[in-house]
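The next block holds one structure in the form of structure tokens; read it before the comments.
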Amino acid sequence: MLKSSMLMRESIRYFRLLRYRIKNKVSKSTLLSIILFLSLSLLVFYISISVENQVTLSRSVPEPIRNLDPSLILDDTIDRSGANLTLLLISKSTKINDSFKTSLESWLLNGLVSNVQEIIVLLYHPDVSVSAFQRDLPERFRNQARVLVAHQADIASKSEESLGISDSRADSESMELSRIVLWGVALARSELILYLDENDQLVEPIDVVKRHLEDGKRILLTNTASAVRYKHRWKRQFPELTSILYQNREQQLIHERQDSICESYAWLQDPMSILSSYIHSCRNAFSDFFCSEAKYCRWVSSAPTMFRRSWALSTFTQEFIGSSSKTLNSTGFAVKDFDRAVNSELWSQSSDEIAFGEGLFMSSLGSIDSSDTLGLFEMGWMRYLADLNDWKRELFVDERGLKESFEDEPERPLHILTVPSLKDRFPVSAAELIGSGTSYESED
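Under the UniProt record's numbering, think of the first position of the sequence shown as 1, with each following residue one higher.
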């Protein structure tokens, strides 16, 4: 503004000088020089004003999203049977980092943006500049996206009545994010929504992406399943907690943690050989999709997932959001996201079915931090202890069989048969080991 005022004063001074010179009959060349200088001054003044307006706009924080009321949630103008797809992205970053850029490039390169009709980007941090954020987006993505800032306090005050979220016992950050996710769902103008994280990298080619998205739409619109998961089955940047603890220990998984059974699909070559009682082939899909009940597929790692707008708004309300029930497993792996605010006990009692296939997205390394790394080491140690207990349990249960397998002359009578069994020698330890966990001989 200082520059603008100086230019204005200079222009006025030269205008007065021009008027004085004209009265004294100056030469034409001098007069033309003065007019040219004035024109250039006015042009510079106009440009400076435009630049200042743009800078002010980029620094200003947009108005919060408002007016999310039941009439918007229950909007009758939305075609419940339409196949239009909305991409919903919740960004928790203050800027577009390398991981986010990689994800955006993969979405453009592999045809995801071409297969969606609407893109909604909600910024989790209210102090992020929308205009600055938009400038860093790729042009094709920016032209199609609605970028909005989500003010948590504003959402919290308006969500209690409109979304039925009123319980404050759950983790505060998770509650805020759960409201923001549902806010974004309600803002969508199509019935089908693909919910993504900024670190979800698309790792399949265009034809596979289109086929799997069409299958997901068909599964949802025919009510074959309530949600379709798109996390890639084979391509994973870092190991999942369930696979660390239970890979090659699937029977223990079935007995100890039934709500994670469908996660073993990610590492089993032939899942039907072990999980036939818990999963089945989905109807109405041309690709290989399996379906399982919600009680076998806990609501965790919710992105990337496709679901129906009406289903999400009617499901994740007071019944599922805002409970103090611990939704994650006992490992203490802290994840500050939408999953943590969902009541896992009520979720497991629902009649919903979850679909999952080969998958499309791989989470990049940007989603793992130092605390997560420490948690992975902890999981490795827990897996070692679990294997050790399994070996001890097998030794107590089938001691004679193990001895026979190590005998080099099967025809010779075992000289160790006269030695009392481990069960007799260590009755307390045997009772504890066999009683805790799952025995290999206890499959019904």
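Just so it is clear, CB atoms sit at the ideal spot from N, CA and C, and this is done for glycine as well.
Buried/exposed call for residue i, threshold 16 Cβ in 10 Å
i, result
"A132", "exposed"
"S273", "exposed"
"N110", "buried"
"G216", "buried"
"S314", "exposed"
"T242", "buried"
"T305", "buried"
"S260", "buried"
"S39", "exposed"
Counterpart residues of residue i in DSSP-defined beta bridges
i, result
"K231", "F361"
"V209", "According to DSSP, which records beta bridges pairwise, V209 is partnered with nothing at all."
"C291", "H280 and A355"
"F307", "I193 and A227"
"S91", "L123"
"A285", "Per DSSP, none; premise fails for A285."
"Q201", "M362"
"T86", "E118 and I193"
"A188", "Looking at the DSSP assignment, A188 forms no beta bridge with any residue, so it has no partner."
Residue i versus residue j: straight-line alpha-carbon distance, rounded
i, j, result
"W107", "R142", "13 Å"
"L253", "Y246", "6 Å"
"A285", "V149", "37 Å"
"F316", "R179", "10 Å"
"P62", "S129", "Low confidence applies here, because P62 scores a pLDDT of 40, under 50, leaving its location unreliable and the question unanswered by this model."
"W347", "V203", "30 Å"
"R135", "T102", "16 Å"
"I244", "F289", "24 Å"
"D181", "R229", "At residue 181 the sequence reads Val, which differs from the Asp that was named. Approximately 17 Å between the Cα atoms of the pair."
"A156", "D390", "Confidence at A156 is low in this model, with a pLDDT of 48, below 50, so the placement of that residue is unreliable and no value is reported for it."
"V55", "T94", "With a pLDDT of only 40 at V55, under the threshold of 50, the placement of this residue in the model should not be trusted; the figure read from the coordinates follows. Rounded to whole angstroms, V55 to T94 spans 18 Å at the Cα level."
"K235", "L43", "57 Å"
"H212", "W267", "20 Å"
"G164", "S226", "Below a pLDDT of 50, predicted positions are generally treated as unreliable, and G164, at 45, falls in that range; the measurement from the model is reported next regardless. Roughly 21 Å separates the two Cα atoms."
"F307", "Q251", "31 Å"
"D270", "H255", "19 Å"
"K92", "A312", "21 Å"
"S114", "Q144", "10 Å"
"L192", "T222", "12 Å"
"S350", "S310", "16 Å"
"L104", "I96", "10 Å"
"V147", "L36", "44 Å"
"D207", "V185", "27 Å"
"D76", "A386", "53 Å"
"S276", "W299", "21 Å"
"R80", "H125", "32 Å"
"Y265", "A294", "15 Å"
"D171", "S41", "For D171, the pLDDT reaches just 45, beneath the cut-off of 50, and the residue's location in the model is therefore unreliable, although a value from the coordinates is still provided. Roughly 59 Å between the two C-alpha positions."
"A303", "P205", "20 Å"
"S29", "D127", "55 Å"
"E240", "G82", "35 Å"
Identity of the residue in the options nearest residue i by Cα
i, options, result
"C262", "P205, I354, D79 and L148", "I354"
"L112", "L187, K210, L182 and D76", "K210"
"Y195", "K95, H125 and L89", "L89"
"D197", "A386, R298 and S364", "S364"
"D352", "L36, E240 and I219", "I219"
"N84", "E214, W299 and V147", "E214"
"V116", "S264, Y265 and R140", "R140"
Residue i and residue j closer than 9 Å at C-beta
i, j, result
"E118", "L137", "no"
"D200", "F361", "yes"
"Y278", "S292", "yes"
"E358", "R257", "no"
"R189", "I78", "yes"
"C297", "T224", "no"
"W183", "L123", "no"
"F100", "K231", "no"
"L187", "I120", "yes"
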